[in-house]
C-alpha cells in the first residue's frame, strides 16, 4: 500500500491553485471593471463575475456528484 | 427493553451528540473570517451557516455505513467500539473547543475508534499504513496546500485591486466573502453530517434493525442534519475568535481570498478522492491570507499551538477511546455503556460550566486579541 496517492495529490494541488487563485483573480478583475466607470469595463466585470458564479456552480456540482 | 436495544439507543444519541459538537466546533471554518471582517454580524453568520449545513446534509445521500475505513479491520468494529470511539472524538472536540483550538473532528473520531479497537482486538486490527495515508499525510498536506493557494490569492487580490476605490473594494469583497463562506458551509454539511449518518446506519445494521442494503432511513438523515445545524447555530465562539482574530488581523480582501481558497481546496480534494480535513484547510487558508498581504502579521505562537493540538489529536482521542472501551467492558453489558455515557455527559457539563467563567460570545468575539494564544483573553472592543 502506498502512503501517498501522488497522482491524486498533484491533481488536488494544481486544480486548487487554478481554481482558488483563478476565482480570486477573476473577482478582483470584476471589481476593477465595475469601478472603471466605462461601459466596456462594466461588461467585462460582469463577465468575470459570471465566471465566478460558474465556478461556484461547479463546486455545488462536485458536492452533488460525490 | 433488551441490552442490545439500549446499546443501540446510546450509540445513536452519542453519534448525534458528536455531530452536534462537530457543528459548533467547525462553525469557525466557514464563518470566522466573515465575522472578523464584519461582512456578517456574528448571529447572522452562524444562522446562515446552520441553514447551509442543514441543506448540505441533504445534497448527497450516498451515505456509506462505515467508520474509519481502511484504518481498522472492519471485522473489529462492534457497537461498543463505535460507542467508545465516539466518546474519544467527543471528548477531544470538547477539550479543543474549550481552549479555542480548531481541530479536525474526523481525525478525533478516527483516533477514538483506533484506541477502542486497539484494546478490543489488538494491534493487528489497526492498519498502520491506513493511519499514515488517511490521517497523518493529509494532516501535513492540507494546511500546506491551503497556505499556498491563499497566499498567492491574497497577494493577487491586493495587487489587482490597488487602484479600486476603497468603498467598492470593501463592499465587493464582503459580498464575495459571504458567497465563498456559504460554499464552505454547504460543503461542510455535505461531508460531516454524512459521517454521522453512516455511523448510525452502521449501528442499525449491526443491531439487525435494518438490512445491509436497506439504505439510510430518512429519520437518520433528518436527525443528523438537525444536530449539525443546531451545533453550528450555537456557534463555537472560542474557535471562531481564534481563527478570525487570533491567527492574523483579517481585512475583507483577505477574508475573501481565504474562503475562496478553502472552498476550492476542499471541493477539489473531494472530487479527486484525496480527502483533506476542512478545519486544517481553513486554518491554512487564514494563515495564507495573513502571509499574502505585505506587512500583515501572522501570530505564529497561535499557529504553533494549533500544530501541537493536531499532532496529539490522534493519540489523545485514542487514549480516551481506549479508556471508554475498557470501562464499558469492565462493567459489562448495557450498564457499562450507560455508565461511560453518563461520565461523558458529566465531563461535558463540567467543561461547559468552566467555560462560562471566561465566556466568549457573539458580543466579544471580535474584541482586540491580547495575550499569547488563548481566545478568552479579551482586549478592548474593536
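Residue numbers (the numbering used here), protein chains in the order written: chain A, 1 to 66; chain B, 1001 to 1382. We put the beta carbon where it would ideally sit given N, CA and C, even for glycine.
Residues of the region 1022-1035 of chain B that bring their beta carbon within less than 8 Å of a beta carbon in chain A are absent altogether. Taking C-alpha positions only, residue 1165 of chain B is separated from residue 1138 of chain B by approximately 40 Å.
Using a CB distance below 7 Å, the part of the region 1258-1275 of chain B facing chain A consists of 1260, 1261, 1263, 1264, 1265, 1267, 1268, 1269, 1270, 1271, 1272, 1273 and 1274, ordered along the chain.
Contact of residue 8 of chain A with chain B is assigned, a C-beta pair being separated by under 8 Å. Interface annotation, residue 1157 of chain B: in contact with chain A, CB-CB separation under 8 Å. The beta carbon of residue 43 of chain A does not come within 8 Å of any beta carbon belonging to chain B, so the residue lies off that interface. If only uninterrupted alpha helix (DSSP H) runs of at least 4 residues are considered, those enclosed by the region 1227-1292 of chain B are 1237-1241, 1252-1271 and 1278-1292. Non-local C-beta neighbours of residue 1071 of chain B in its own chain, meaning closer than 8 Å and more than five positions away in sequence, comprise 1110, 1113, 1114, 1126, 1127, 1130, 1131, 1134 and 1135, ordered along the chain. Pairing residue 1328 of chain B with residue 1320 of chain B gives a Cβ-Cβ distance that is not under 8 Å.
As a beta-bridge residue in DSSP terms, residue 1126 of chain B pairs with B/1072. If you look at residue 1017 of chain B, you'll find it in the alpha helix (DSSP H) that goes 1003-1037.
Within the region 1164-1186 of chain B, 1164, 1165, 1168, 1169, 1172, 1176, 1179, 1183 and 1186 place their CB atoms closer than 7 Å to a CB of chain A, listed in sequence order. Here the region 1051-1062 of chain B does not lie against the region 38-58 of chain A, with fewer than 3 beta-carbon pairs under 8 Å apart. The beta carbon of residue 1042 of chain B sits closer than 6 Å to the beta carbons of 1035, 1362 and 1365 from its chain, once the five residues preceding and following it are set aside; these are given in chain order. Among the bridge pairs identified by DSSP, residue 1298 of chain B is matched with B/1248.
Of all residues in the region 1299-1313 of chain B, none comes within less than 9 Å of chain A when Cβ atoms are compared. Residue-level contact check: residue 59 of chain A touches chain B, since one or more beta carbons of chain B fall below 8 Å from its beta carbon. Contact between the region 1016-1031 of chain B and the region 1181-1194 of chain B is present: 3 or more CB-CB pairs across the two stretches fall below 8 Å. By the criterion of at least three beta-carbon pairs nearer than 8 Å, the region 1220-1229 of chain B is in contact with the region 1188-1208 of chain B. Taking residue 31 of chain A as the centre and dropping the five residues before and after it, the same chain places the C-beta of 45 closer than 8 Å to its C-beta, in chain order. The Cβ-Cβ distance between residue 1083 of chain B and residue 1014 of chain B falls below 8 Å. Distance from the CA atom of residue 27 of chain A to the CA atom of residue 1300 of chain B, rounded to whole angstroms, is 30 Å. Excluding residues up to 5 positions away in sequence, 1110 and 1113 lie with their Cβ nearer than 6 Å to the Cβ of residue 1068 of chain B in the same chain.
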